[in-house]
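Numbering (the UniProt record's numbering), first residue to last: 1 to 590.
To start, the structure itself, in structure tokens.
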């Protein structure tokens, strides 16, 4: 019956799968189409990110030509120039204490401190099946890459403390920290041979102090004590060398020291970059001790060992006094372009007693009992500035680092001279640069005058003292440029001199010349001389200038040359040593 047929048809399930599949195929094909488009977009985004990364890396290699290098890379990767949505130079700080989104600061091209390039590329990616559901055929994609590299140099200037021998350094140690701070010659040699890197030393000090900053470079801003620094030094030295510092560490105790007195100059906000550079600087344990001493000795006269044998010289006393250090005058400077390092002026005091018979040409009526010359040699401080540092070095003779160097001024009365010599006496308690106007007369000559009286015995007048005063400024400060090539750095030829050398001989001659030297009889001796000796003394004052120049120039020059040589110092010249050329690898920061 018809009713049964209809009922049977309604209960049949044949063909339902085909209907379901046909309905779902539309959905499946839609998802497949969407999947294809999504995969294609991911691929385009990855490709765009890769091009962005390469573009940023290439631009960072030469930030001054960032735009040119960016467009060159884009062209080689089949991306239109119009894809460059933003290209920005700036400064990136690898500092864990700074939030990631705040670590990059945009800076105009050519600004100091640039160490990063940010590139944003924007390009259209085609849609395939998905455009059926959209009213456009392309999707705009944008990707950003940030590449960074920081370059820096570490360097030092010659220091009188660095040249002190065992006796001189021990005197500086005992003056600063007491008698128990002395080191034996063997101790000093062992400490000079013990090498450490500054990164390890400061990391140990940071742990010892207990800093809670997330920025590891903040230790460079810290103030601590000499005892804590020496304890940290002991912790990074082999046991044999560390044990030699026991007495000194205890003696140094709580003497305050700023870490910047050891090393300074770099932007501590650079964080991990700064500490990585510190780890590349190698110094000796003895360098650390000398740096600590340099903090304590300004204004203190250090007696020098004067085992100098010069013909005509009977006795010699010499001492060295450093001026107050200017700002940025740590032992080592570490920093980017523009970082500076300064050295304080130094005064060498020499008191020479010469053979009286050197002045045999004064005549038969004058007998020289004593010839004494108190001479001060004042040497200007020096400064060095890192003017240019290159991390893109292709050839051995390419310049890796360039510095400007100069000597700092002495007293304004000396103009731009790099040194000054004084014969005379300084006022009690005189500190700082010597003012030539304050130089006083010094006793230089004790004589006896023999008066020949006809038909009567000769009269001898003893105890006549002749005083003298003289001053001469030497050389002219100038700005010198010192460069270091990649070849020199690789060969270890990293120490160079600057300034004007070979000034000493002419300076001594000028100091003792009749044109510059004023002589007089010591005030208060008029009654001693009287009318009888007056003519002889007047004649002596006329003859003495030329005779002193002739007799004393050679021995004085010999003494000063020997003492300065022992100190490793050349009058009018300075020495700069490059201790590190630091370049990070170019890396992606984001």
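Note that CB positions come from ideal geometry on N, CA and C, so glycine has one too.
Since the model is a prediction, treat every value here as computed from it, not as a measurement.
Taking C-beta atoms as the reference points, residue 277 and residue 400 fail to come closer than 8 angstroms. Assignment of beta-bridge partners to residue 372 by DSSP yields 353.
Secondary structure within the UniProt domain "DUF2134" (61-138): the alpha helix (DSSP H) runs of 4 or more consecutive residues, fully enclosed, are 66-76 (chain order). The beta carbon of residue 446 lies closer than 6 angstroms to those of 369, 370, 465 in the same chain, with the five residues before and after it left out. For residue 317, the three-state secondary structure derived from DSSP is strand. Remark: three or more beta-carbon pairs, one from each stretch, lie closer than 8 angstroms, so the segment 383-394 and the segment 333-342 are flagged as touching. Annotation: the continuous alpha helix (DSSP H) that includes residue 202 extends over 198-209. Cβ contact annotation for residue 250 (same chain, cutoff 8 angstroms, sequence separation greater than five): 180, 227, in chain order. Taken through DSSP and simplified to helix, strand or coil, residue 379 comes out as strand. Nearest to residue 215 by alpha-carbon distance, out of 203, 514, 118, is 203.
Minimum Cα-Cα distance from residue 498 among the listed residues 435, 504, 571 corresponds to 571. Annotated three-state conformation of residue 149 is coil, per DSSP. Between the segment 148-156 and the segment 65-82, the count of Cβ pairs shorter than 8 angstroms is below three; the stretches do not touch. By the criterion of at least three beta-carbon pairs nearer than 8 angstroms, the segment 411-421 is in contact with the segment 464-479.
For residue 172, the closest C-alpha among the options 98, 434, 294, 512 is that of 294.
Residue 326 carries a coil assignment under DSSP once its states are collapsed to helix, strand and coil. Minimum Cα-Cα distance from residue 239 among the listed residues 520, 190, 392, 521 corresponds to 190. Taking 8 angstroms as the upper bound for CB-CB distance, residue 318 and residue 306 are in contact here, some 5 angstroms apart. Considering only 489, 117, 558, the residue with the shortest C-alpha distance to residue 509 is 558.
Put simply, the backbone Cα of residue 187 is about 17 angstroms away from that of residue 291.
For residue 255 and residue 207, the gap between their C-alpha atoms comes out near 20 angstroms. Nearest to residue 486 by alpha-carbon distance, out of 395, 515, 431, 429, is 395. Beta-carbon to beta-carbon, residue 260 and residue 198 are separated by about 13 angstroms, too far to satisfy the 8 angstroms threshold. In this structure, the alpha-carbon of residue 297 lies about 7 angstroms from that of residue 176. Straight across, the Cα-Cα distance linking residue 513 with residue 545 is about 7 angstroms.
463 is the residue among 101, 463, 241 whose C-alpha sits nearest the C-alpha of residue 524. CA-CA distance, residue 87 to residue 492, rounds to 39 angstroms. C-alpha of residue 405 to C-alpha of residue 519: approximately 39 angstroms in a straight line. Between residue 367 and residue 448, the CB-CB gap stays under 8 angstroms. Minimum Cα-Cα distance from residue 425 among the listed residues 533, 588, 380, 374 corresponds to 374. In the displayed model, residue 441 falls within coil according to three-state DSSP, outside both helix and strand. Assignment of residue 423 by DSSP, reduced to helix, strand and coil, places it in the strand class.
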